[in-house]
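Asker: The structure under discussion is supplied below as C-alpha cells; questions concerning it will follow.
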Amino acid sequence: MYKIFSVLILYLSILCGCSATGIKYGDSLLLKNEPADDEGTVIIYRSSIGGSPTIVKISFDGNELGKLFNNGYFLVNAKEGKHFISTY
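In the working numbering, the protein residues as written are 325 to 412.
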C-alpha cells in the first residue's frame, strides 16, 4: 500500500510540474513593451506556494489583466503615482 501511495504522489508531482503556461521569465526580454518616457514598469509576480489556488485573476486600477498562475507574472506600464492592484 505504501509503495502504491509513493508512486501516486511522485506521478502527481511530475504531472503538476507540467501545467505551467505563459512565457518563461528569461523570454520576457524578447517582448518590446518598453514604457514611455513618463512611465515605469510594474511587475506583478506570483510565487508558487503549496496549497494555494492554481489560478487567480488580477486587476490593475480596475482593469482586469487576466489570470495569473503560480510562478507567473504580468508587466504593466504605468505613470508615477498611486495604483490599485487586486486579486479575486
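Beta carbons: idealized from backbone N, C-alpha and C, even for Gly.
1) How is I328 classed by DSSP in three states: helix, strand or coil?
2) Let me confirm a value: I382 is counted as buried when at least 16 other C-beta atoms fall within 10 Å, else exposed. Which label applies?
3) Measure how close the beta-carbons of L392 and V380 come, nearest whole angstrom, since I'm counting them as under 8 Å.
4) Take the Cβ of G396 as the centre, count every other Cβ of all protein chains shown within 10 Å, and call the residue buried at 16 or more, exposed below.
5) For I382, which three-state DSSP category applies?
6) Quick check: G359 and N401, are their CB atoms within less than 7 Å of each other?
7) Residues in the same chain with beta-carbon distance under 8 Å from I407, minus the five sequence neighbours each way, listed in chain order, please.
8) Using a Cβ-Cβ cut-off of 8 Å (strictly less than) and excluding sequence neighbours within five positions of D362, which residues of its own chain qualify?
9) What do you reckon, are the CB atoms on N394 and S372 nearer than 7 Å?
Answerer: According to the data block:
1) It is helical.
2) Under this definition I382 is a buried residue.
3) Contact flag correct, Cβ pair sits at about 5 Å.
4) By the 10 Å Cβ count, G396 comes out buried.
5) Here I382 sits in strand by DSSP.
6) It should be noted that the sequence gives Pro, not Gly, for residue 359. For the 7 Å CB-CB criterion, P359 and N401 form a contact.
7) The sequence as given places His at residue 407; Ile does not occur at that position. Correct list, in chain order: V366, F384, D385.
8) Shown here for D362: same chain residues with a beta carbon closer than 8 Å to its own, the five before and five after excluded, namely K403, E404 in chain order.
9) In contact: N394 and S372 (Cβ atoms closer than 7 Å).
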